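Written below as structure tokens is the structure these notes are about.
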Amino acid sequence: MSDSTFLVATMPGDGIGKDIIKSATSIVDLSSEIVGGYKCNWQMIKAGAEYFALNGIDVEPGGEDKADKADSIFLGAIGLPTIRHKDGTEICPHLRFREIFGLYAGVRPVKAYPNITNRLSNNLASKIDLVILRESTEGLFYSAAVHNRCPVDNDNEVQDIMRITRKTTEKLHDFAFKLARQRKSKGKIGKVTCVDKANVFRSQAFFRKIFDERKVNFHDINSDHCYVDAMALNLIRNPWEYDILVMENMFGDILSDLGGGLVGGMGMASCAEIGDNHGLFQPAHGSAPDIMGQDKANPLATILSAALMLDYLSEKNKCPSAAKGAKLIETAIEVGFEQNKIRPMEFGGDMGTEAVSNELMLLLKDKLVQNKVL
Ligand code: ATP
7 MSDSTFLVAT
17 MPGDGIGKDI
27 IKSATSIVDL
37 SSEIVGGYKC
47 NWQMIKAGAE
57 YFALNGIDVE
67 PGGEDKADKA
77 DSIFLGAIGL
87 PTIRHKDGTE
97 ICPHLRFREI
107 FGLYAGVRPV
117 KAYPNITNRL
127 SNNLASKIDL
137 VILRESTEGL
147 FYSAAVHNRC
157 PVDNDNEVQD
167 IMRITRKTTE
177 KLHDFAFKLA
187 RQRKSKGKIG
197 KVTCVDKANV
207 FRSQAFFRKI
217 FDERKVNFHD
227 INSDHCYVDA
237 MALNLIRNPW
247 EYDILVMENM
257 FGDILSDLGG
267 GLVGGMGMAS
277 CAEIGDNHGL
287 FQPAHGSAPD
297 IMGQDKANPL
307 ATILSAALML
317 DYLSEKNKCP
327 SAAKGAKLIE
337 TAIEVGFEQN
347 KIRPMEFGGD
357 MGTEAVSNEL
367 MLLLKDKLVQ
377 NKVL
């Protein structure tokens, strides 16, 4: 049978985005050489703040159309604090992509790996394995999206709207329960927690009401609610007790950085943004201009995002070998930390972007790793 070839619209973007995207594409290419049965065709597209500063537009002409037609979209990191629109906001074409491609489900895994020093000291912290499911097209980010930018009134007052719609929220909660079911089948907790502020905001009470309506269709999955402020506390006190946390956009934005911190840093924070017909994959961190171009960035969040992409492509195209490739990459990272072969500078180690990528290449070729998956 011939290999499945996936067209991936790829935007390295700004800052460390350029440093880390090459690591991820090389690792995926190696995984497909080893596993066989799939290949990614990386279609490079120029986009981001630097491109905007030079050309006055944030994506190359025709770039969005290419992204629309591709099998998936893959981003490095976009935006630089020194390049902004007149109203002070940064250049964020990826927010527009969420909007136009309807990428409502922002999947952000928070998983502990062995031997990472700067995380919670409780022994149970090694068991952290949860997912922040961030609604990504409405909520408080609705105002930031393309069509609804609210000007400051007379330099005196401004409002941002929290938008919650039944259509998107039903899809989001269903996605959460299905994901919990999938994870339960792999031996994980299999529970969904609705994180909201239903005691104060009508929009949030509505979000919770729809959660309660949808949960009756998933009797096999446990569920509960937690106010977002209490969840900030619980994520420090007992994060190992949670599985899927579903929430509106801004809460998810904030808690996913907290989640990154729980397991060591943003360099481990992967992300999939899924809609009905499109999937976009990128690390949850920004362009980290403080370390760009210095070979210091941890490429693992981007590489783990590429593994999420292989899982997505596998399911979408009925190509089981791509899911094997994803598993191979995840296992190599797990074993690399276990054996202390992966030591990113981000966690006080001695390995920069290139050294981490080179070591991971060796791990992918390691028979011990391959035997666990293939
Ligand atoms: P954004 O708002 O676009 O998400 P941000 O302002 O939250 O961006 P980041 O760019 O994510 O900021 O960086 C936050 C901190 O985390 C910085 O100190 C940065 O150096 C560090 N950081 C982010 N990503 C990585 C990485 N891959 N490797 C090492 N350090 C990182």
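According to our numbering, the stretch in the sequence shown is residues 7 to 380, in order.
Just so it is clear, CB atoms sit at the ideal spot from N, CA and C, and this is done for glycine as well.
All figures in this text were calculated on a predicted structure; none of them were measured in a lab.
Quiz item: Got a sec: does the ligand ATP put a non-hydrogen atom nearer than 7 angstroms to the Cβ of Ile297?
Solution: Distances from the CB of Ile297 to the heavy atoms of the ligand ATP include at least one below 7 angstroms.
Quiz item: Taking 7 angstroms as the line, does the beta carbon of Glu352 fall inside it for any heavy atom of the ligand ATP?
Solution: Under cutoff, so the answer is yes.
Quiz prompt | Candidates Val234, Gly265, Asn377, Leu310: closest to Phe1 by CA position | solution = In the structure as shown, the chain begins at 7 and stops at 380. Residue 1 is therefore absent and cannot be evaluated.
Quiz item: Do Ser363 and Pro305 have their CB atoms nearer than 8 angstroms?
Solution: The answer is yes: Cβ separation under 8 angstroms.
Practice problem: Can you tell me which of the three DSSP states Pro99 falls into? | Solution: Pro99: helix per DSSP, three-state reduction.
Exercise. Taking only the alpha-carbon atoms, compute the straight-line gap between Met237 and Ser10 and give it to the nearest angstrom.
Key: Approximately 42 angstroms, taken between the alpha carbons.
Quiz item: Any heavy atom of the ligand ATP closer than 7 angstroms to the CB of Ile391?
Solution: For residue 391 there is no data in the structure shown, the boundaries of the chain being 7 and 380.
Quiz item: If you check the beta carbons only, do Arg169 and Glu279 fall under 8 angstroms apart?
Solution: It is not a contact, given that the beta carbons lie outside the stated cut-off.
Practice problem: Could you tell me if the beta carbon of Ile22 falls within a distance shorter than 7 angstroms of some heavy atom in the ligand ATP? | Solution: Annotation for Ile22 indicates a beta carbon within 7 angstroms of some heavy atom of the ligand ATP.
Exercise. Find the nearest neighbour of Ile339 within the set Asp356, Leu366, Leu136, judged by alpha-carbon distance.
Key: Of the listed residues, the one whose Cα sits closest to Ile339 is Leu366.
Quiz item: How about Thr337 and Asp25: do their beta carbons lie closer than 8 angstroms?
Solution: Judged by beta-carbon spacing, Asp25 lies beyond the 8 angstroms limit of Thr337, meaning their Cβ atoms are not closer than that value.
Quiz item: Considering Lys197, what are the terminal residues of the beta strand (DSSP E) in which it resides?
Solution: Where Lys197 is concerned, the enclosing beta strand (DSSP E) stretches over 197–202.
Quiz item: Is any heavy atom in the ligand ATP found nearer than 7 angstroms to the beta carbon of Ala236?
Solution: Checking the Cβ of Ala236 against the ligand ATP gives no.
Quiz item: Residue range of the beta strand (DSSP E) that Asp230 falls in?
Solution: Residue range 228–233 is occupied by the beta strand (DSSP E) that includes Asp230.
Quiz item: Between Ala303 and the ligand ATP, is the CB less than 7 angstroms from at least one heavy atom?
Solution: Set against 7 angstroms, the gap from the CB of Ala303 to the closest heavy atom of the ligand ATP is smaller.
Practice problem: Say yes only if the C-beta of Ser293 is nearer than 7 angstroms to one or more non-hydrogen atoms of the ligand ATP, and no if none qualify. | Solution: Ser293 Cβ: within cutoff of the ligand ATP.
Quiz item: Helix, strand or coil for Asn377 per DSSP?
Solution: Helix at Asn377.
Exercise. For Arg208, count neighbouring C-beta atoms within 10 Å of its own C-beta (all shown protein chains included) and say buried if the count is 16 or more, exposed if not.
Key: Of the residues assessed, Arg208 falls on the exposed side of the cut-off, its CB having fewer than 16 other CB atoms within 10 angstroms.
Quiz item: Going by DSSP, which residues form a beta bridge with Ile250?
Solution: BP columns for Ile250 point to Val137, Val198.
Practice problem: For the alpha helix (DSSP H) containing Lys45, list its first residue and its last residue. | Solution: Looking at the DSSP string, Lys45 is not in any alpha helix (DSSP H); the run it does join, the beta strand (DSSP E), is 44–50.
Quiz item: What are the start and end residues of each continuous alpha helix (DSSP H) run of 4 or more residues lying completely inside the segment 62–93, in chain order?
Solution: 69–75, all fully within the segment 62–93.
Self-check item: Pair within 8 angstroms by beta-carbon distance, Val41 and Lys330
Solution: Closer than 8 angstroms, so yes.
Exercise. Buried or exposed for Glu344, please, with buried defined as at least 16 other CB atoms from any protein chain shown within 10 angstroms of its CB.
Key: It counts as exposed.
Practice problem: Give the DSSP-derived three-state secondary structure of Lys192 in the structure shown. | Solution: Three-state result, Lys192: coil.
Quiz prompt | DSSP beta-bridge partners of Thr11 | solution = For Thr11, which the question treats as bridged, DSSP gives the partners Lys45.
Quiz item: Would a C-beta distance cut-off of 8 angstroms place His231 and Arg214 closer than the cut-off?
Solution: Inclusion of His231 and Arg214 in the CB contact set at 8 angstroms is warranted, their separation being smaller than that value.
Quiz item: Whose CA, out of Ile106, Thr171, Val113, lies closest to the CA of Ala275?
Solution: Checking every option, the nearest Cα to that of Ala275 belongs to Val113.
Quiz item: Any contact of the segment 27–40 with the segment 71–79, i.e. 3+ C-beta pairs under 8 angstroms?
Solution: Output reads no: the segment 71–79 does not touch the segment 27–40.
Quiz item: Distance, Cα to Cα, Leu316 vs Asn377?
Solution: When rounded, the distance between both Cα atoms is 20 angstroms.
Practice problem: With a threshold of 7 angstroms, establish whether the CB of Met272 neighbours any heavy atom of the ligand ATP. | Solution: Met272 has its Cβ nearer than 7 angstroms to a heavy atom of the ligand ATP.
Self-check item: Own chain, CB closer than 6 angstroms to Phe217, minus 5 neighbours either side, in chain order
Solution: His179, Cys200.
Quiz item: Using DSSP with H/G/I as helix, E/B as strand and the rest coil, what is Met367?
Solution: In the structure shown, Met367 sits in a helix (DSSP, three-state: H, G or I).
Exercise. Give the secondary structure of Thr171 by DSSP, where H, G and I count as helix, E and B as strand, and everything else as coil.
Key: Correct three-state label for Thr171: coil.
Quiz item: Thinking just about the alpha-carbon of each residue, which of Phe12, Leu81, Glu96 is nearest to the one in Thr88?
Solution: Residue nearest to Thr88 within the set Phe12, Leu81, Glu96 is Glu96 (criterion: CA-CA distance).
Quiz item: Of the residues Val252, Ser229, Leu370, Cys325, which one's Cα is nearest the Cα of Gly145?
Solution: Nearest of Val252, Ser229, Leu370, Cys325 to Gly145, Cα basis: Val252.
Exercise. Could you spell out where the alpha helix (DSSP H) holding Gly266 opens and where it closes?
Key: For Gly266, the uninterrupted alpha helix (DSSP H) run begins and ends at 255–268, by DSSP.
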